[in-house]
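For the sequence shown, our numbering begins at 3 and goes up steadily by one.
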Amino acid sequence: MRVLLIGGGGREHALGWKLAQSSLLETLISCQGNPGLAELGDVVLDVDPTDPEAIVELCAERNIDLVVVGPEAPLAAGIADALMDAETPVFGPTRSGARLESSKSFAKEVMAGAGVPTAASATFSDRESAVLHLKDSPGPYVVKADGLAAGKGVLVTDSIKDAIGWVNDCLGGKFGEAGSSVLIEDYLDGPELSIFYICADREAIPLQPARDYKRLFDGDKGPNTGGMGSFSPVENLDADLVDWTTLNVVLPTLAELASRDVDYTGFLYVGLILTNDGPRVLEFNCRLGDPETEVLMPLITSDLLVVLHAAATVGIGDHSVTWSDQAAVDVVLAAPGYPESPETGLAISGLEPFSDALVFHSGTRETDDGLVTAGGRVLNVVGLGRSVGEARERSYDAARRIDFAGKQFRSDIAADTAGGVG
Ligand code: GLY
């Protein structure tokens, strides 16, 4: 099978690494790819993954049998719709399904229709009403740009002044069209958890839960980032939490989407918060999480491509995903200046094959002088072990051997595996 993988971050490198082990795979091509994916197959750089026509043409030129989409932007741009029109199998939702991520107010409407437990929220496109609502709220304040803002559109704060400032920023154009309306949500407290599903035809297979770390510094301090690390499995969860999520969140959501004529095929990301009153959905995304994918892919023992291909063509049927009893911990190495203005072009050294750790590329570039930094999150160092503790040691051991000027990483990834910061 000839597979086109869309995207070029750590999530896609991990996904490509897993797909490359499939008995079905003949060729893996990635667009836009990265130096890690280049070791697994051709990388196409001159095609815009958010251009549906161009992706359809690329598939025709390269005889692609299945397209697997990593990031949200190509899905929100409608590449799955165009591929379906061209009868090229694709694993990734249509533009209307991707609205679960590209419109937070749409996601809330679907959750309300499906009876999914989530934070109460209100949507505003005029400043005065939003400010009045904030002034009536007890705080802490949660203000979100409604649309896709590359993970940067959310502010959680104790300060009403900052919350009003964020409303002004969003409605004033800081995030372009994505901020033309804002959601103000009730604040929820508790550890967070990510559960991803492979969905097709109102059926869904859960992946093992994972936890990520969004803040830049130890102790969950500093600015929000795309994610500084992750681990899986997560200990001390209720034994029935995944089944509960399938029955109370995912299946009703797929049914609600179907009632709106949206057939959802693709990954569904359920961001949960485990409050004292029970689990609540914080967010849906139409893709896998990054950096959670980097710890999940090495733990899957079954052939993932077989399942994704079935989901995209005939349905999930009897397929399943099986798991190793190992643990994985990902420590992200980030460039100096991340997340505001990461420094690029810094030489990377010490990147050798490790016996008990994998390295997935996020923001790297190959030059005549070797590998250099090319983005904020540079490398994901994934340690594997019999326990989270052992995987953690192995991850940090490898993370310390890789070097570039100004390398930043958190030292507390998976230190508190029972909950705490997320
Ligand atoms: N891990 C957070 C995200 O992928 O959005």
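Built from N, CA and C at the ideal position, the CB exists for glycine as well.
Best match in the options for proximity to residue i [C-alpha to C-alpha]
i    : options                : result
V384 : H363, R4, P344, G35    : H363
I200 : V323, C61, F108        : V323
G38  : R394, Q410, E296       : E296
A56  : A79, E41, M230, T369   : A79
R403 : D44, F356, V380        : F356
I8   : S397, Q328, L270, L77  : L77
T419 : A407, E392, A401, F406 : E392
I162 : G141, N170, F177       : G141
M86  : A22, T315, S261        : T315
N250 : D265, G280, V264       : G280
L195 : K110, L30, E285, D67   : E285
M290 : A75, A241, A88         : The residue asked about is misnamed: residue 290 is Leu in this sequence, not Met. Answer by Cα proximity: A75.
V184 : R129, D203, K223       : R129
V390 : R213, N278, A260       : R213
R97  : I275, V264, E63, E14   : V264
A313 : E14, L47, A62, V69     : V69
L173 : I197, Y189, R394, T125 : T125
Y271 : G228, V252, L348, F198 : F198
Y398 : A330, D242, L190, H311 : A330
Where the alpha helix (DSSP H) through residue i begins and ends
i    : result
L253 : 253 to 261
A400 : 390 to 403
E55  : 54 to 63
I162 : 162 to 173
A114 : 106 to 116
G18  : 12 to 21
I81  : 81 to 87
H311 : 306 to 315
P37  : 37 to 40
E74  : 74 to 78
Own chain partners of residue i with C-beta closer than 7 Å, once the 5 adjacent residues on each side are dropped
i    : result
K20  : M299, I302, L306
D50  : A56
W325 : Q210, L301, I302, T303
A401 : V333, L335, V383, F411
S25  : D305
Q328 : L301, L386, G387, R388
N65  : R4
C33  : L6, I8, V46, V49, P51, L60
G347 : V374, T375
Sequence-distant residues of the same chain with beta carbon closer than 6 Å to residue i, five excluded per side
i    : result
I81  : P54, I57
A116 : P254, T255, E258
E187 : A121, S123, V144
G94  : V71, L77, A82, G268
D344 : Reading off the sequence, residue 344 comes out as Pro, not Asp. Hits under 6 Å: A337, G378.
A165 : L136, Y143, V145, T159
P425 : No answer is possible for residue 425: it lies beyond the span of the chain, which begins at 3 and ends at 424.
Buried versus exposed, by CB contacts within 10 Å (16 or more), residue i
i    : result
R396 : buried
T247 : buried
P73  : buried
N287 : buried
P225 : exposed
E28  : exposed
K137 : exposed
A407 : exposed
G43  : buried
K223 : exposed
Q23  : exposed
N36  : buried
G422 : At G422 the pLDDT is 43, less than 50, meaning the model places this residue with poor confidence; the figure from the coordinates comes in the next sentence. Flag for G422 reads exposed.
A16  : buried
L353 : buried
R13  : buried
L276 : buried
G175 : exposed
G11  : buried
N- and C-terminal bounds of the beta strand (DSSP E) containing residue i
i    : result
F233 : 223 to 234
A329 : 329 to 336
V158 : 156 to 159
T29  : 29 to 34
A146 : Note on identity: in this sequence residue 146 is Lys, with Ala being the wrong assignment. Note, K146: beta strand (DSSP E), 143 to 147.
S196 : 194 to 202
A359 : 359 to 363
D214 : 213 to 219
A183 : Looking at the sequence provided, one finds Ser at residue 183 rather than Ala. Per DSSP, S183 belongs to no beta strand (DSSP E) and is neither H nor E.
Closer than 8 Å to chain B by CB, residue i
i    : result
N278 : The structure shown contains no chain B, having only a single protein chain.
Proximal residues to residue i (C-beta, below 8 Å), its chain only, five neighbours per side dropped
i    : result
G424 : Confidence at G424 is low in this model, with a pLDDT of 40, below 50, so its placement is unreliable and no value can be given for it.
>> Taking 8 Å as the cut-off, does the segment 128 to 135 touch the segment 297 to 311 (at least 3 CB pairs, one atom from each stretch)?
In response: No: fewer than three Cβ pairs fall under 8 Å.
> Should the segment 335 to 346 be called in touch with the segment 371 to 387, which here means at least 3 C-beta pairs below 8 Å?
Replying inline: Put simply, the segment 335 to 346 touches the segment 371 to 387. At least three CB pairs are less than 8 Å apart.
> Does the count of Cβ pairs from the segment 102 to 111 and the segment 146 to 154 closer than 8 Å reach three?
Replying inline: Taking a cut-off of 8 Å for Cβ pairs, the segment 102 to 111 and the segment 146 to 154 touch, as three or more such pairs fall below it.
>> Can you confirm whether the segment 227 to 246 touches the segment 282 to 297 when touching is taken to mean that 3 or more C-beta pairs between the two stretches lie within less than 8 Å?
In response: By the C-beta criterion, the segment 282 to 297 is judged to be in contact with the segment 227 to 246, since at least 3 inter-stretch pairs fall below 8 Å.
>> With three or more C-beta pairs closer than 8 Å as the rule, is the segment 156 to 172 touching the segment 212 to 223?
In response: The segment 212 to 223, when compared against the segment 156 to 172, does not touch it at the 8 Å Cβ threshold.
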